[in-house]
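Student: FYI, in this note's numbering the residues of the sequence shown are 15 to 281. Just so you know, even glycine gets a beta-carbon here, dropped at the ideal spot from N, CA and C. Below you'll find the structure I mean.
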Amino acid sequence: MLSLIRRLLPQRQPDPAPQGRERLVAQQWPRAVYAIGDIHGCLPELQHLEQLILEDAAGASGEIWLVYLGDYVDRGANSAGVIDYLLSPPPPGTRRICLAGNHEELMLAYCRNPVAGSQWLKLGAAETLQSYGVPMAGFTTASVQARLGRLRNHIPFGHLEFLESLPVSLSLPGVVLVHAGMKPDLPLDQQSDDILQWMRYDPTNTAPWPPNLLVVHGHTPAAEPYISPGRICIDTGAYATGRLTAIRLVPGEVPHLLTATAHGPAE
């Protein structure tokens with residue numbers, strides 16, 4: 015199943031475009047960071063995963079950061095509900111930090127210009143539009159103005175503002191969190207937003223990782239998280255597998271995985 019999904023994923027060479035989105039830098043760690051993989055409209059899985067995180071963090075002193083690695087929309091059943099949820103107040107003692115994925119860019123591009131952004135229609139847009147109650151009868155054949163009218167009437171402006179405002183990365187001492195990953199042979203400040211949101215890892219690239227740097231990302235689904243000394247990928251294809259994964263990061267501790275399903279915590 016996941017091999018088929020990967021063949022259907024948007025394949026795009028990252029564009030060396032200028033940086034546009036904010037890049038967050040934290041000089042000190044909170045008590046713990048929980049990075050959460052690609053959600054793709056899977057609201058029940060997200061709610062159960064947060065429950066599992068809160069249970070895991072119970073009794074910890076200090077603030078907990080919930081860092082979402084992007085791709086909140088498309089393919090799953092409730093993209094609108096996911097964004098509503100992410101805009102709601104976080105649980106006490108936690109802070110939500112939402113990063114931008116490539117599917118947020120696809121949705122925004124279409125909402126700005128349905129002609130130039132038409133790629134979105136092939137990559138999960140229908141499920142997202144349905145979650146907002148957009149009438150789909152004749153949608154793709156309607157005029158540009160008619161489609162824009164439906165979007166304006168059904169997608170809250172606050173949701174689009176949220177997607178526009180998302181930073182593209184979070185750096186902490188020794189760790190960078192992004193949606194898609196980063197090239198090991200370039201400093202972060204020399205990598206475009208497109209690289210951080212769109213790149214796919216090339217197994218033939220043997221460039222060494224910078225020492226003492228861990229990159230945590232999603233974007234490329236696999237049946238199980240990928241963990242190596244320099245890179246961790248936690249996209250477990252929630253919209254196809256029903257499994258949404260997070261990883262707990264604490265300096266000096268071994269990273270700890272948590273996975274939840276729509277019916278409750280899986281582990």
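List the DSSP bridge partners of Val-190.
Tutor: Translated into the one-based positions of the sequence shown, residue 190 becomes position 176. The partner list for Val-190 (beta bridge, DSSP) reads Ser-185, Val-229.
Student: Where do the N-terminal and C-terminal ends of the alpha helix (DSSP H) with Thr-210 fall, by residue?
Tutor: In the sequence shown, the residue the question calls residue 210 occupies position 196. The residue you asked about is not Thr; residue 210 is Leu in the sequence shown. Boundaries of the alpha helix (DSSP H) around Leu-210: 207 to 212.
Student: What number of angstroms, rounded off, separates the C-alpha of Glu-59 from the C-alpha of Ala-276?
Tutor: One-based indexing of the sequence shown puts residue 59 at position 45. One-based indexing of the sequence shown puts residue 276 at position 262. Cα to Cα, the separation comes out at about 4 Å.
Student: Inspect the CB distances between the segment 180 to 189 and the segment 156 to 168 and report whether three or more fall short of 8 Å.
Tutor: No, the segment 180 to 189 does not touch the segment 156 to 168.
Student: Assess, as a yes-or-no matter, whether the segment 145 to 152 is touched by the segment 88 to 104 under the definition of 3 or more beta carbon pairs within less than 8 Å.
Tutor: With a cut-off of 8 Å, the segment 145 to 152 and the segment 88 to 104 count as touching, because enough Cβ pairs lie within range.
Student: CB Asp-88 to CB Ala-151, shorter than 9 Å?
Tutor: The sequence position of residue 88 within the sequence shown is 74, counting from 1. The sequence position of residue 151 within the sequence shown is 137, counting from 1. Ala-151 sits away from Asp-88, with the two beta carbons spaced by 9 Å or more.
Student: So Pro-225 packs on Trp-43, CB below 8 Å; how close in whole Å?
Tutor: By 1-based counting over the sequence shown, the position of residue 225 is 211. By 1-based counting over the sequence shown, the position of residue 43 is 29. Incorrect: roughly 19 Å between the Cβ atoms, too far for contact.
Student: Here's the rule: buried if 16 or more other CB atoms are within 10 angstroms of the residue's CB, otherwise exposed. What is Asp-249?
Tutor: Here residue 249 is taken as the residue at index 235 of the sequence shown, counted from 1. Result: buried.
Student: Please say whether Gly-55 and Thr-142 have beta carbons closer to each other than 9 Å?
Tutor: Residue mapping note: residue 142 aligns to position 128 of the sequence shown, counting from 1. Residue mapping note: residue 55 aligns to position 41 of the sequence shown, counting from 1. Contact flag set, yes.
Student: Less than 9 Å separating the beta-carbons of Pro-243 and Trp-223?
Tutor: The residue given as residue 243 occupies position 229 in the sequence shown. The residue given as residue 223 occupies position 209 in the sequence shown. It is a contact, given that the beta carbons lie within the stated cut-off.
Student: Since I believe Trp-79 is in contact with Phe-47 (beta carbons under 8 Å), could you give me their beta-carbon distance rounded to a whole number of angstroms?
Tutor: By 1-based counting over the sequence shown, the position of residue 47 is 33. By 1-based counting over the sequence shown, the position of residue 79 is 65. Per the sequence shown, the amino acid found at residue 47 is Val instead of Phe. That belief holds up - the Cβ atoms of Val-47 and Trp-79 are roughly 5 Å apart, short of 8 Å.
Student: Between which two residues does the beta strand (DSSP E) carrying Leu-137 extend?
Tutor: In the sequence shown, residue 137 corresponds to position 123, counting from 1. Here Leu-137 belongs to no beta strand (DSSP E), and DSSP marks it neither H nor E.
Student: Is it true that the CB of Asp-52 sits closer than 9 Å to the CB of Gly-232?
Tutor: Sequence index remark: in the sequence shown, residue 232 carries index 218 (1-based). Sequence index remark: in the sequence shown, residue 52 carries index 38 (1-based). Yes, the Cβ-Cβ distance between Gly-232 and Asp-52 is below 9 Å.
Student: Suppose the cutoff is 7 Å on Cβ atoms and the five residues either side in sequence are ignored; what does the same chain contact list for Gln-205 look like?
Tutor: Position 191 of the sequence shown, counting from 1, holds the residue named residue 205. Taken in chain order, the residues that qualify are Met-196, Lys-197.
Student: Work out the CA separation of Leu-165 and Leu-120 for me, nearest whole Å.
Tutor: Position 106 of the sequence shown holds residue 120. Position 151 of the sequence shown holds residue 165. For Leu-120 and Leu-165, the distance between alpha carbons rounds to 14 Å.
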